[in-house]
Structures are given as C-alpha cells and as structure tokens.
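What follows is one structure encoded as structure tokens, with my remarks underneath.
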Amino acid sequence: MKMKNFRKRNDLLRFLLEITKNKLFLRSIRKNYDIMEISVKKIKVGGVTNIKDVEIPMEKLTALVAPNNYGKSNFLVAVEFALQFMTATSETRLSMMSTRNLIPINKSMEDAPFSFEIEGSMGDTRFVYGFSFEWARTNGGDQGCRLVSESLKLKQASELKYKVFIKREETERALIIATSRGRCNKEIVVDRSTLVIDKLMNMDGLFYLDAVKAIRSINVKRVNTLENPDGIFSSPYPSAAMSGYSVAMPKPGEIGFFINSLRHLDADKYELLRNTIVDLLPNIEDFEPVQVDLSPKTDVPFQLPNTYFDIRVKERFNNQYTSINNVSTGSKKILFVLTMSLAASLNRVDLLMFEELENSVHPRLLQNLLQVVTELAGDTKIITTSHSPYLVKYLSPDNIQLGLPTHTGVAEFKTIKPSKVNKVLRQASAEEVSIGEYLFDMMLDAEADDEMMNEYFA
Amino acid sequence: MKKTGPNKPHVVIFVEGDTDKVFFDRLIQFYREHSTTEVVSCEVRNLRGVTRYTNKIVGKLQNDICPKALKKGMAVTAVCCSYDTDVFEYAERPVVDWNKVEREVKKLGIREFCHVRVEQMMEDWLLDDMAGICAYLKLKKVPESLSGETGYQKMQSLFKRANKIYLKGNSITPMLATIDVSVIRQQRQTSLARLEAILNVSI
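Protein chains in written order, with our numbering: chain A, 425 to 882; chain B, 3 to 205.
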C-alpha cells in the first residue's frame with residue numbers, strides 16, 4: 425500500500441515538474457524576437473525543378489559543389505522562393521503556385537508537392553517551421569494550387585523534444601496551441617492559399633506571436649555574382665529610394681549609393697570596408713564614393729532624379745583617380761561581394777546566398793576572400809555554389825555539399841561521412857592532391873560506383 | 003682559375019604561405035644582423051600551400067635550388083620545413099607525410115632535414131610582440147587579453163579594434179616593420195633551436 429502511495433506521489437511530482445518546465449518554456453518564448461538574431465541551422469527543400477528532397481545543414485560558410493546543370497542554383501532559387509511565399513499575399517501565392525519554371529517536370533517527381541522546412545534558433549529557443557503545397561495542374565480537372573501541410577515546432581535549447589504548436593495536414597483545417605496551458609487541439613479554418621502563420625499574426629494575445637513574427641521575418645538574400653558588374657555600382661535611372669542616406673540592403677545599381685551612405689552613417693564600418701578592400705586588392709591604393717549632382721532642380725511637372733553615385737578609385741600604377749567602371753571585372757566583383765557581405769551584416773540578413781563566389785577571382789585571392797567575406801558578414805550565414813577545386817580546398821569537408829550523380833536526374837547533395845573525413849584527407853595526401861581536386865574526382869567516380877557512394881557519403 | 007675544394011653549405015627553409023615567408027625572411031635578416039658568428043648561407047622558399055608538397059620540394063631542389071647553389075660554389079646541406087601545428091579555418095586540408103618528405107630529400111644527398119614546428123600557428127608567434135602589432139595598428143592601448151581560441155582569431159579580434167580585417171599573408175608585410183623579432187625569438191627558442199644550430203647562429 426505504502427509503495428503504491430509512494431509511486432503515486434512520485435508520479436504527481438513528476439507531473440508537476442513537467443508542468444513547471446512547460447510553463448517556464450512557454451514563458452520564455454514570449455520574449456520579443458524582433459530584437460533577436462535568427463541562426464539558420466538547416467534548410468530542407470523538395471518538389472521543385474529537379475530537387476526531390478534536399479536537406480542542407482547551414483554552417484558559417486557552406487558550399488554546394490556539383491557539375492553544371494545539376495541543381496545548385498535551383499536550391500538557392502527555391503529557398504528564396506519559399507521565403508517570399510511565406511510573406512506573400514494570398515493572391516500572390518496562388519500565382520506563385522503556378523510558377524512554370526519551378527514546377528518539377530522530371531519523370532520521377534512529376535506529382536511531388538513543393539515542400540520547405542527551415543530549422544534554426546532564436547536566443548535559447550529552437551524552431552522547425554515548414555509547409556508544403558501542390559503545384560498547379562492542367563490535367564484531370566483538379567487544378568492543384570493549394571497548401572497541403574504546415575507545421576511549427578518549438579523547444580528550449582536544453583530540451584530534447586520539440587513541442588508541436590501548429591499542425592496542418594489538410595488544406596482547410598489546422599490545429600494550433602491557443603493558450604499557454606493548452607495543447608495543440610484548437611481548430612482553425614484556413615483556405616488553400618492561407619498559411620496558418622498568417623492567421624496567427626492577427627491573434628494579438630497569442631503567447632508565441634513573437635516567435636511566429638520572427639520566423640516570418642527570416643531574411644535571406646541571393647547575390648548573383650555571375651552578372652556583368654558594370655551596372656552594379658550606379659544606375660542611369662536612380663530610384664526614388666536613393667535620396668538622402670540609407671544602408672538598407674542595396675539592389676543592383678545601388679552599391680555606390682550604399683557606400684556613400686555608409687561613409688556618412690557609420691564611419692567605422694566604412695573604414696573597415698575601405699581598409700579591407702585596400703588590403704585585399706593590392707592594385708587599389710585608395711577609393712571613395714562620390715555623389716554627382718547633374719543639374720539644379722527646376723520647376724517641371726516631373727523632375728527626374730538628378731543625383732548619381734560613382735566610386736573613385738586610385739590604382740597603384742595610375743597617375744590619377746578613375747571611375748570604378750575602369751577597374752577590372754574581377755576587382756569590381758570583389759568590391760561588390762564585400763559590400764554585400766557587410767550590408768548583410770548591417771541589415772541582419774540571416775542567410776546570404778552567392779552564385780559562384782569564385783567567379784572572376786584569381787585562385788590566389790580565394791583563401792583571403794573566404795576569410796574576409798565571413799568576417800564582414802558577421803553572424804550572417806553564407807552559402808555559395810561553386811565549380812572550383814581552388815575554393816573547395818580551403819573549406820572543411822563537412823562544410824561541402826557535393827552533388828552526386830543519380831540514376832533519375834534529380835539533384836542529391838551529400839557530404840563526406842564524419843567517420844570518413846580523415847580517410848579522405850589521408851588519401852588526398854597520399855596522392856599529393858588538394859582536397860578540392862580529390863573531392864572533384866570522387867564526385868565524378870561516384871557515378872559508376874554505388875559502393876563508394878555508400879561508403880563515403882551521407 | 004676554377005675554384006676547387008669543398009662547397010660552402012647552403013640551407014633552404016620551406017614554408018607553406020606568405021605569412022611564414024615574410025616572417026622567416028625577417029628572422030634570417032635578424033640573425034645576420036645580431037649573430038656573433040657567421041650565419042650560414044640561407045634562403046626561404048614559399049610553397050604556397052601543402053598540395054603536392056613532396057613533389058614541389060624535390061622538383062625545386064633538383065631543378066632550381068641545388069644547381070644554382072652549385073654554380074655559386076655552395077651545396078645544399080640542410081632542408082628545414084616550417085609549418086603550423088594547427089590549421090586555421092580556411093587552410094588547405096591535406097596532411098603532409100613528413101617521413102616521405104624527409105626520405106625524398108635525403109635521396110638527393112642532402113644530409114640534414116629538420117622541422118620548425120610553429121606552435122600553434124604563426125599568428126601565435128606574432129602575438130608574442132603584441133605591443134609591436136598595436137603600434138602598427140595605431141592602437142593607443144595594448145589589450146591585456148584578446149578574444150578567440152586560436153592565434154588567428156585573436157589576431158582578428160585585435161585588428162577589428164582598428165577597423166581592419168587581418169588577412170593571412172597580406173597583413174604581415176607592413177606589420178613586421180613595427181614588430182620586434184627578438185621578442186618572438188626569445189619566446190620561441192625551443193622551436194627555433196635546431197634551425198639556429200644549423201644556421202650557426204650565436205646571439
């Protein structure tokens with residue numbers, strides 16, 4: 425009898441402890457996440473172009489390495505698309521669900537819904553948020569274009585298990601946790617293009633509203649370094665936003681404006697950028713942004729913007745300053761990449777995505793470029809696509825995601841198993857090749873060698 | 003008339019990167035200026051990374067360094083390889099098989115092979131003269147401690163105080179003008195002892 429009572433008491437104590445822990449956790453997620461940095465840990469994308477199901481852990485700098493036309497850029501595009509989808513209006517979402525160039529046409533995944541999941545942390549709280557939708561269809565009367573699932577899970581860093589806050593397994597119905605003492609059983613009605621988090625944004629007293637807001641505001645930027653850099657620094661048609669000073673994330677054509685604003689608004693960061701460029705590019709002795717006012721304002725019905733921005737550069741062997749447009753393509757691209765990295769840090773961008781960071785950069789500069797980009801980007805994580813063994817050789821093998829050949833034409837990214845990293849390094853060493861060259865060879869050999877794929881890659 | 007007799011010894015120090023190259027050039031200059039005995043002829047060669055390390059060393063010795071030394075009446079008697087014992091975040095990864103390097107070097111008839119192990123990395127050595135680095139960065143106060151686990155991270159945090167980013171290779175050349183090499187030598191005597199013996203340095 426006593427034993428029975430003891431067990432009951434123990435169960436009760438355990439139950440009370442559980443409630444207390446739960447309350448503490450729920451109280452902790454009421455913090456204001458607007459002022460919290462989000463750290464993206466992992467992104468999972470599927471059902472888009474030739475990406476069936478790809479999961480990429482996000483390190484400080486992650487590289488997606490694969491042959492041409494494999495799906496590296498598709499991954500970046502899909503991530504950007506998913507985050508735009510999360511904040512788009514219902515009407516825009518309906519049109520996004522018909523985006524022709526993203527709908528998978530690969531035979532092995534022609535019915536696959538678009539799926540997206542992002543895992544990360546904000547302060548002490550870990551989150552996993554995801555959703556999926558069916559793409560538009562043109563056969564069988566069913567038009568597709570509807571959200572089919574959504575979920576939000578949160579937990580404290582010290583906890584093992586996630587708690588489900590949003591559970592949606594069908595288009596028009598979802599379950600949520602409505603009160604801090606409740607369970608995930610409050611039903612809410614949604615429609616084909618409405619996310620549950622849209623609805624939650626209108627629930628003012630919701631105790632995890634700040635977490636939802638923070639997830640909705642995850643900030644990802646894709647930088648296309650493959651573009652001709654000529655139009656990056658100044659635009660012949662400056663936008664109205666380019667008046668006064670602003671260090672908001674610059675768009676193409678606004679880099680000159682951004683650097684000029686930086687000089688006026690944040691002298692320390694401007695000096696950091698200036699020093700870094702001069703140290704990294706020995707051919708550049710000095711540079712400064714200039715603002716050019718073309719004509720005085722006149723009384724006309726519509727005054728075109730008349731202020732333009734350029735960057736004056738003094739190259740080592742030149743006898744005068746010239747416009748940035750006279751500098752080599754590689755130097756322009758480096759200046760662009762460094763500016764974007766600093767801008768990402770200032771604007772608290774959570775993930776900065778580069779297309780072929782090594783493009784137009786001499787291999788000898790790559791090591792320092794990687795150093796500088798990650799330093800300037802601060803807490804912003806970086807992912808880059810790459811074709812370069814010269815870049816890859818400077819990265820730790822666990823930060824490299826290799827696109828491995830598949831029999832179906834879908835993209836699959838894998839990394840070297842942690843238990844095999846030392847073996848790969850030893851083998852590269854025995855062959856006296858860089859880890860970059862060795863991994864590129866492995867990537868090609870894996871096509872005809874399933875055994876090797878299973879042994880080395882996970 | 004052609005000179006006869008034994009060739010004078012010549013020592014080659016192989017380093018992995020620009021940072022080490024600049025430092026060892028400066029160190030050799032310091033030895034020449036301060037040694038009470040005549041320092042053996044010496045040169046520092048930069049292999050720019052660790053890829054194909056053995057092949058590069060053998061190729062350079064066989065085709066370039068040894069023949070040139072011979073023309074000057076010298077013979078390469080010792081090869082020293084300097085390397086960081088720790089790697090920084092964006093270092094090349096493959097590990098060098100030092101036994102293989104030593105074996106191949108000795109096959110060329112070079113008597114002595116020695117390692118100069120830079121513990122943990124060159125930045126740790128440079129930070130031995132923090133006052134000199136602060137003078138270069140125009141920092142008024144020498145910090146008592148720096149954040150970061152590795153020498154590289156500590157150097158990075160010091161540079162940030164001056165609104166700069168520390169770049170391996172690029173940053174060291176101008177910095178060495180204000181660094182006191184004797185302070186570093188004093189702190190790193192154990193690691194440099196063998197090299198100094200080979201070079202006949204006596205300070």
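Beta carbons are placed, not taken as given, at the ideal position from N, Cα and C, and that holds for glycine.
Check                                                                                                                      : Outcome
Beta-carbon proximity check, L759(A) vs I701(A), cutoff 8 Å                                                                : yes
Contacting residues, own chain, Cβ-Cβ under 6 Å from S858(A) (five flanking each side not counted)                         : K817
For L728(A), the nearest candidate out of T511(A), L718(A), L705(A), K476(A) (CA to CA)                                    : L718(A)
Best match in Q715(A), N771(A), E651(A), L705(A) for proximity to D803(A) [C-alpha to C-alpha]                             : N771(A)
Collapsed DSSP secondary structure at I112(B) in the structure displayed                                                   : coil
Minimum C-alpha distance to G197(B) - residue among N9(B), K10(B), I15(B)                                                  : Before going further, note that residue 197(B) is Leu rather than Gly in the sequence given. Ranking N9(B), K10(B), I15(B) by Cα distance to L197(B) puts I15(B) first.
Closer than 8 Å to chain A by CB, K170(B)                                                                                  : yes
Integer-rounded CB distance, given that T53(B) should sit under 8 Å from E106(B)                                           : Incorrect: roughly 16 Å between the Cβ atoms, too far for contact.
Beta-carbon neighbours of Q158(B), restricted to chain A and to distances below 8 Å                                        : E799
Beta strand (DSSP E) runs wholly inside the segment 570 to 609 of chain A, at least 3 long, in chain order                 : 587 to 592, 597 to 601
K817(A), DSSP secondary structure in three states                                                                          : coil
DSSP state of R454(A) mapped onto helix, strand, coil                                                                      : Residue placement at R454(A) cannot be trusted, given a pLDDT of 41 that sits under 50; the coordinates are not used to answer.
CA nearest to the CA of Y669(A), picked from P481(A), P713(A), D634(A), N652(A)                                            : P713(A)
Element boundaries [alpha helix (DSSP H), containing P481(A)]                                                              : Note, P481(A): premise wrong, no alpha helix (DSSP H); beta strand (DSSP E) at 475 to 481.
Completely contained beta strand (DSSP E) runs for the segment 733 to 774 of chain A, where each covers 3 or more residues : 745 to 747
Range of the contiguous alpha helix (DSSP H) that encloses D22(B)                                                          : 20 to 36
Partner residues on chain A for D99(B), Cβ-Cβ distance less than 7 Å                                                       : S853
Proximity test, Cβ basis, 8 Å: Y818(A) and chain B                                                                         : yes
Three-state class that DSSP yields for S810(A) in the structure shown                                                      : strand
Q64(B) versus I200(B), I174(B), V78(B), residue with shortest Cα-Cα distance                                               : V78(B)
Distance between G860(A) and Y814(A) (C-alpha atoms, nearest Å)                                                            : 6 Å
Per-residue burial, L450(A) [other beta carbons within 10 Å of its own, 16 or more giving buried]                          : With a pLDDT of 46 at L450(A), under the threshold of 50, the modelled position of this residue cannot be trusted, and the question is left open.
Members of the segment 40 to 69 of chain B near chain A, C-beta cut-off 9 Å                                                : R50, G51, V52, T53, R54, Y55, T56, N57, K58
Residues that DSSP places opposite E541(A) in a beta bridge                                                                : K468(A), G554(A)
Residue closest to A768(A), alpha-carbon to alpha-carbon, out of T731(A), N783(A), I807(A), V785(A)                        : I807(A)
Cβ neighbour criterion (16 or more within 10 Å) applied to F657(A)                                                         : buried
8 Å CB neighbourhood of R113(B) in its chain, flanking five on each side removed                                           : T79, A80
Neighbourhood of G153(B) by C-beta distance below 7 Å, restricted to the same chain and skipping five residues each side   : Q122, M123, E125, D126, L129
Check: T516(A) C-beta below 7 Å from any heavy atom of the ligand SAM                                                      : The ligand SAM is not part of this structure, which contains no ligands at all.
Residue burial classification, A691(A) (beta-carbon count within 10 angstroms, cutoff 16)                                  : exposed
Alpha helix (DSSP H) segment containing S685(A), residue limits                                                            : 679 to 689
Pair within 8 Å by beta-carbon distance, S575(A) and R592(A)                                                               : yes
Other residues of its chain near C608(A): CB distance less than 7 Å, five sequence neighbours each side excluded           : V588, F589, K591, L599, I600, I601
T486(A), DSSP secondary structure in three states                                                                          : strand
Three-state secondary structure (DSSP) of A882(A)                                                                          : coil
Cβ pair count under 8 Å reaching 3, the segment 739 to 758 of chain A against the segment 783 to 794 of chain A            : yes
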